[in-house]
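Numbering (mature numbering (1 follows the signal peptide of the UniProt record, and there is no 0)), first residue to last: -24 to -1, 1 to 287.
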């Protein structure tokens, strides 16, 4: 019995690492010298690995994070690992629309170009919390905040030539539903709490789709992605044996960052826009995510909810 158990475990281990090094890896060697990139939520996990890779390619990288202590620690680690000293911290709290606007103003004041914007930050907080803007915290951090940030930075992105926007979504969008009349309201029960994350990820794809249409004629592209099931800090409060299972079967943050990096740097997607990717390949989205009318109406509804900070 133990022989078969050990054999099965060895096979699973070998299969995992074979897949790791043959699937979903960004193979581009493109340099990013003189390029400027912003990565939100870059102090840990996928965001950290994305920022580190961009820095390693020579880009000036701005870590947009809520926690300054963790952000500075991430900068020190990236500089040490890459040798690139052009890595900076700029405070950004997506749960505050005022913070988003202040961040955008700071970037406009200090930067003359912006080549890459990676909207990576997100939350899976399942509760009824409302932000200072009276919006559900999960929907604001995952959708309203990134929407406002992107729109405010569009002038700089457009003036920089061939720029890229990368939105981190999720396969969970398949379970999402957008009710435009209730998108600004907190969930009423535990079941609806679990749906909010999926709704926000669907919103990411619809936002990408509509933004692509509105960028027609510009040299700015926008794409979104599912990073895979990644073992990140979101699982830190789970029991130890559960975390052990996640560590084995889930992707590492480095693996999870590969598609974000691919969309940010690869020559293979130069000029590609409005698409959804999984493991560095274009993938199919749900029927709801293909609804152009819903995408337009979501944009208009979101714009109304954040309008006071767009002036």
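Positions of the beta carbon are idealized from the N, C-alpha and C atoms, including for glycine.
If you look at residue 35, you'll find it isn't in any alpha helix (DSSP H); DSSP assigns it neither H nor E. Apart from sequence neighbours up to five positions away, the residues of its chain that approach residue 248 with a beta-carbon distance below 7 Å are 197 and 199, ordered along the chain. The Cβ-Cβ distance between residue 136 and residue 91 falls below 7 Å. By a beta-carbon distance limit of 8 Å, residue 239 does not contact residue 182. Their separation comes to about 18 Å. Under the DSSP assignment, residue 151 falls outside any beta strand (DSSP E); it carries neither an H nor an E label.
By the criterion of a C-beta distance shorter than 8 Å, residue 16 is surrounded in its chain by 23, 40, 41, 68, 70, 94, 95, 96, 97, 122 and 125, once the five residues flanking it on both sides are discounted. With fewer than 16 other CB atoms across the displayed protein chains lying within 10 angstroms of its CB, residue 59 is exposed. A distance below 6 Å between beta-carbons, with the five flanking residues on each side excluded, links residue 55 to the following residues of its chain, in chain order: 61 and 63. Restricting attention to 79, 151 and 156, the CA atom closest to the CA of residue 273 is found in 156. Across the set 192, 170 and 255, the C-alpha of 255 shows the shortest separation from the C-alpha of residue 203.
DSSP, read as helix, strand or coil, puts residue 140 in strand. Residue state for residue 15 is assigned as strand, using DSSP reduced to three classes. Note on residue 27: 16 or more other CB atoms within 10 angstroms of its CB, so buried under the neighbour-count rule. The alpha-carbon of residue 88 is positioned some 18 Å away from that of residue 194.
Non-local C-beta neighbours of residue 172 in its own chain, meaning closer than 8 Å and more than five positions away in sequence, comprise 102, 112, 114, 115 and 163, ordered along the chain. In this structure, the CA atom of residue 252 is about 10 Å from the CA atom of residue 180. In this structure, residue 188 sits away from residue 232, with a CB-CB distance that is not shorter than 7 Å. In the structure shown, the three-state DSSP call for residue 158 is coil.
Shortest Cα-Cα distance from residue 14 to any of 5, 4, 25 and 6 involves 25.
Residue 119 and residue 265 have their C-alpha atoms some 14 Å from each other. Of the candidates 85, 3, 243 and 37, 37 places its Cα closest to the Cα of residue 10. Excluding residues up to 5 positions away in sequence, 37, 54, 58, 60 and 63 lie with their Cβ nearer than 6 Å to the Cβ of residue 31 in the same chain. Residue 80 and residue 74 have their C-alpha atoms roughly 10 Å apart.
Here the alpha carbons of residue 131 and residue 12 stand approximately 15 Å from one another. Taken atom to atom, the span from the alpha-carbon of residue 192 to that of residue 185 is near 11 Å. Closest in C-alpha terms to residue 241, from the list 8, 280 and 1, comes 8. Annotated three-state conformation of residue 261 is coil, per DSSP. Where residue 116 is concerned, there is no enclosing alpha helix (DSSP H), because DSSP gives it neither an H nor an E.
Residue 284 sits exposed, since fewer than 16 C-beta atoms from the chains shown fall within 10 Å of its C-beta. For the 7 Å CB-CB criterion, residue 19 and residue 46 form a contact. Under the three-state reduction of DSSP, residue 92 is assigned to strand. For the 7 Å CB-CB criterion, residue 243 and residue 6 form a contact.
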